[in-house]
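This report concerns only the one structure given below.
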Amino acid sequence: MDISIEKLKEQMCEVGRRIWRRGYCAGNEGNHSVRIGQDRVLCTPTGISKGFLEPDDICIINLEGQQIELNQNQQRPTSEVLVHLAIYKHRPDVRAVIHSHPPHATAFAVADVALPQGIHPEAEIFLGKVPTAKFAMPSTQALPDSIIPLIGDQTNTVLLGNHGSVSFSTDLIDAYYRLEILDNYCRILILCQQLGKTNVLDVAQVTELLEVKKKFGFEDDRLMCAPQGCITSDNQDFLATFDVRPTTATCQCNGGHTITHQTPPPAINQTRPTDVTDDALTPIVQAITDQIMAKIG
Ligand SMILES: [Zn+2]
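When you number the sequence shown by our numbering, it's gap-free, plus one each residue, and the end is 1041.
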């Protein structure tokens, strides 16, 4: 049964609150939309925090971006409406789009580090390959032009260079889940970088994972080339960010067992203050020596 427009507006407000609570957008950043017909789209208004959205704030536009009727609170549609409309035109199956600035995922887009693959099951199954678009000016046609060539039939998430992310799906909740999974995956990767290493699944494991994905009903063309190892060959961009290489050193304190140091151990502190010169010490040493000799004598 089709969900009513009023219910969809409430759902858009609830998703907005979750986006704001999880820190995916600050201030009035971000926007989301739901396609409700061949030529009708509900979208968030411009200039309002996603945490404060009310159903009467939601705008109705056509696929050319024109506002069909003024909403009760008299807001205008999001300035990023071109991205939403381009995706709806390019992918007839898509019914919901979320543009956001999730910090961990956006860090990859700002650092221009391609998202690695073959590392985490949820990322593989629910996101698949996530391309990164080159930077394009927000609120202009350049932004959709930068991402549409990267969106194939199976793409559901794209990173925007130096900007943020776009997730889309057949319904709004699913598009929101992809946003959460994206930022969680990127947070795990950044934590791995702090730990100093990341285990990439081997070719057999990645192939099996994509076979499981197929059984779940998610088509993924990467399954065809997974046995050749080409999925994880893209990971050099991310692995190259591990610039602190562990070095092994032999510990002398307990039987000479081998320990690992991230950086060379610090030099042993000198107990003698560095600003005391030999010249300054000479009279003191002489006085002590004189006292000892006097007592011996
Ligand atoms: Zn943005």
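Ideal placement from N, C-alpha and C gives every residue a C-beta, glycine not left out.
Under 8 Å between C-beta atoms of residue i and residue j
i	j	result
Met756	Ile831	no
Leu826	Leu887	yes
Asn979	Pro865	no
Pro789	Gln819	yes
Arg835	Val778	no
Gly774	His828	no
Gly862	Leu945	yes
Val910	Ile891	yes
Glu868	Leu954	yes
Tyr920	Val785	no
Ile768	Asp927	Correcting the residue type first, residue 768 is Tyr in the shown sequence and not Ile. Their beta carbons are under 8 Å apart, which means Tyr768 touches Asp927 by this criterion.
Asn1049	Val857	Outside the displayed range of the chain (745 to 1041) lies residue 1049, so it cannot be described from this structure.
Ser793	Asn772	yes
Residue i Cβ short of 7 Å to ligand 1 heavy atom set
i	result
Pro846	no
Gly767	no
Glu773	yes
Gly791	no
Pro799	no
Glu808	no
His843	yes
His907	yes
Glu754	no
Pro888	no
Pro821	no
Pro882	yes
Glu824	yes
CA nearest to the CA of residue i, picked from the options
i	options	result
Asn806	Tyr929, Asp783 and Arg931	Asp783
Phe852	Ile891, Leu903 and Gln818	Leu903
Pro875	Thr901, Ile863 and Asp889	Thr901
His848	Leu923, Asn772, Ile842 and Gly809	Leu923
Gln938	Phe986, Ser913, Leu894 and Tyr921	Phe986
Ala963	Asp915, Arg931, Asp918 and Lys873	Inspection of the sequence shows that residue 963 is occupied by Glu rather than by Ala. Per the Cα distances, Lys873.
Leu752	Cys787, Ser913 and Ile812	Cys787
Phe796	Gln810, Trp764 and Val841	Trp764
His845	Leu894, Asp889 and Ala770	Ala770
Residue-chain proximity (residue i, chain C), Cβ-Cβ < 8 Å
i	result
Tyr768	The structure shown contains no chain C; it is built from a single protein chain.
Does the structure place the segment 941–957 close enough to the segment 874–889 that three or more beta carbon pairs sit under 8 Å?
These segments do not touch.
Counting only runs that start and end within the segment 806–889, where is the alpha helix (DSSP H) found for 4 or more residues in a row?
Within the segment 806–889, the complete alpha helix (DSSP H) runs of at least 4 residues are 825–834 and 847–855.
Residue ranges of each alpha helix (DSSP H) run of no fewer than 4 residues wholly in the segment 933–995, ordered along the chain?
Runs of the alpha helix (DSSP H) inside the segment 933–995: 947–959, 966–969 and 980–983.
Tell me the start and end of each unbroken beta strand (DSSP E) in the segment 764–800 that is at least 3 residues and wholly inside, in chain order.
Qualifying beta strand (DSSP E) stretches, in chain order: 775–781 and 784–787.
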